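A short write-up of the structure that comes next.
Number of protein chains: 2
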Amino acid sequence: MTDFERILARVFVEIVISIDLSDDDDIDPDVATGLLEPVAALLQEMPRADRRRLTEFMLEYANDEANAERSATALDLPTALGLVE
Amino acid sequence: MTDFERILARVFVEIVISIDLSDDDDIDPDVATGLLEPVAALLQEMPRADRRRLTEFMLEYANDEANAERSATALDLPTALGLVE
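Which chain is which? The protein sequence lines are A and B, in order. For the first sequence, position 15 (counting from the first letter as 1) is numbered 15 according to full-length UniProt numbering, and the numbering increases by one without interruption. For the second sequence, position 1 (counting from the first letter as 1) is numbered 1 according to full-length UniProt numbering, and the numbering increases by one without interruption.
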């Protein structure tokens, strides 16, 4: 991945994790689903090689993330967003 | 931009616009700020050429977006996220 691809992937992953881990009082779960479903649909249309690259980035992110809760969420993202079959 | 860069930029922009345009009852403005500030800080660290590429993508997105409210929000994103000086 290029530096530009990595930073774009990172800001996307950061924001999705923060949404996932937000309190239900802060972001209603239905609202969170409404934020994430359209982007999951877009990502699922990517060629398989790009889905794999983004999946690898998420696993690498999970590995590097010191916060256990954020790391676990990152690890679950490829499945949650439908990137893996 | 590569196809992979474009899809990553697009999912990021989509989600930021949706957060920006959410009702205050759905996402408290302070919570929305807490979601966006860390990613703005990351993007501001990008080399100038990448900030410019992302800015151009946002303007192009604004131009292509049929929904007037989303288009206007996209147009404001480079400034809102501190990509332009």
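We put the beta carbon where it would ideally sit given N, CA and C, even for glycine. Just so we're clear, the structure is a prediction, and the values are computed from it rather than from any experiment.
For residue i, count the other beta carbons within 10 Å of its own beta carbon; 16 or more makes it buried, fewer makes it exposed. Which is it?
| i | result |
| --- | --- |
| Glu-32 (chain A) | A small correction: the amino acid at residue 32 (chain A) is Ala; Glu does not occupy that position in the sequence shown. Answer is buried; the Cβ neighbour count reaches 16. |
| Arg-51 (chain B) | buried |
| Ala-66 (chain B) | exposed |
| Pro-78 (chain B) | buried |
| Ala-9 (chain A) | buried |
| Val-84 (chain B) | exposed |
| Ala-41 (chain B) | exposed |
| Ala-62 (chain B) | buried |
| Glu-14 (chain B) | buried |
Show which residues of chain B have a CB atom less than 8 Å away from the CB atom of residue i.
| i | result |
| --- | --- |
| Met-58 (chain A) | Within 8 Å Cβ-Cβ: nothing; Met-58 (chain A) doesn't reach chain B, min ~12 Å. |
With a CB to CB cut of under 8 Å and the five nearest residues on each side skipped, what residues in its chain are close to residue i?
| i | result |
| --- | --- |
| Leu-21 (chain B) | Glu-69, Arg-70 and Thr-73 |
| Met-1 (chain A) | Ala-9, Arg-53 and Phe-57 |
| Thr-55 (chain B) | Pro-78, Leu-83 and Val-84 |
| Leu-75 (chain A) | Met-58, Leu-59 and Ala-62 |
With distances taken between CB atoms, is the gap from residue i to residue j smaller than 7 Å?
| i | j | result |
| --- | --- | --- |
| Val-39 (chain A) | Val-16 (chain B) | no |
| Leu-43 (chain B) | Ile-19 (chain B) | no |
| Glu-5 (chain B) | Phe-4 (chain A) | yes |
| Ile-7 (chain B) | Ile-27 (chain A) | no |
Just the chain A side, please: which residues come within less than 9 Å of residue i by C-beta, in chain order?
| i | result |
| --- | --- |
| Pro-38 (chain B) | Val-11, Glu-14, Ile-15 and Ser-18 |
| Val-31 (chain B) | Ser-22, Asp-23, Asp-26 and Ile-27 |
Anything in chain A within Cβ reach of residue i, meaning under 7 Å, just list it in chain order.
| i | result |
| --- | --- |
| Asp-28 (chain B) | Asp-26 |
Note down, in chain order, every chain B residue with its Cβ under 7 Å from the Cβ of residue i.
| i | result |
| --- | --- |
| Glu-85 (chain A) | Under the 7 Å cutoff, chain B gives no residues; its nearest Cβ is about 18 Å from Glu-85 (chain A). |
Output needed for residue i: all residues of its chain with C-beta closer than 6 Å, excluding positions within five of it in sequence on either side, in chain order.
| i | result |
| --- | --- |
| Gly-82 (chain B) | Ala-40 and Gln-44 |
What does residue i reach in chain A if we use C-beta pairs closer than 8 Å?
| i | result |
| --- | --- |
| Asp-75 (chain B) | Reading the sequence as shown, one finds Leu at residue 75 (chain B) and not Asp. Those do not exist, as Leu-75 (chain B) stays about 19 Å from chain A at its closest Cβ, beyond 8 Å. |
> Which residues, taken in chain order from the region 9 to 26 of chain B, show a beta carbon closer than 8 Å to some beta carbon of chain A?
Replying inline: Taking 8 Å as the Cβ-Cβ cut-off against chain A, the residues of the region 9 to 26 of chain B that qualify are Ala-9, Arg-10, Val-11, Phe-12, Glu-14, Ile-15, Val-16, Ser-18, Ile-19, Ser-22 and Asp-26.
> Between the region 43 to 70 of chain A and chain B, which residues of the former have a C-beta closer than 9 Å to a C-beta of the latter?
Replying inline: Leu-43, Glu-45, Met-46, Pro-47, Ala-49, Asp-50, Arg-53 and Leu-54: these are the residues of the region 43 to 70 of chain A whose beta carbon lies less than 9 Å from some beta carbon of chain B, given in chain order.
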